[in-house]
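Residue numbers (the UniProt record's numbering): 1 to 153. For each residue, glycine too, the CB sits at the ideal point set by N, CA and C. As the structure is a computational prediction, the values presented were derived from the model and not from experiment.
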């Protein structure tokens with residue numbers, strides 16, 4: 001299956017169950033399943049911010065957006081450009097919707113200072129621009145970790 005095809009990893013029979021636009025991703029677990037599928041335990045050699053758009057009823061849009069070669073810590077210009085773009089996409093394709101984000105980068109799968117900075121700053125700018133962030137995950141070599149609001153503080 002090509003990378004970026006979204007499937008659920010926890011079907012009771014162990015068979016991946018497709019995540020389709022007609023099935024909402026309402027829970028944190030649903031979103032974590034999405035992030036785990038995107039990451040697929042790869043060993044990233046560069047940093048990529050993966051973006052999933054969700055409509056106002058939490059249905060995923062059939063678009064997985066990779067923003068490649070993002071810096072280790074975000075700068076104001078990068079954040080503004082990314083969130084302006086996401087805001088326009090949401091207005092045009094998913095009014096009242098939200099985004100789920102996965103920061104995939106080289107190194108161990110642990111929450112580091114750069115990850116916390118990305119999480120905190122993207123949430124801050126998103127709030128100002130009225131872009132709702134449903135989830136922010138980080139992944140390196142190994143597992144996917146959710147960033148919580150406490151991590152962003």
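First through last residue of the beta strand (DSSP E) which encompasses residue 134: 132 to 141
If you follow the beta strand (DSSP E) that residue 144 is in, where does it begin and where does it stop? 144 to 147
Mapping the DSSP letters down to three states, classify residue 105 as helix, strand or coil. strand
Should residue 99 and residue 86 be called a contact, given that it needs their Cβ atoms to be closer than 7 Å? yes
Taking residue 36 as the reference, which of 147, 148 and 137 has the closest Cα? 137
Taking the beta strand (DSSP E) that residue 51 belongs to, which residues open and close that run? 48 to 54
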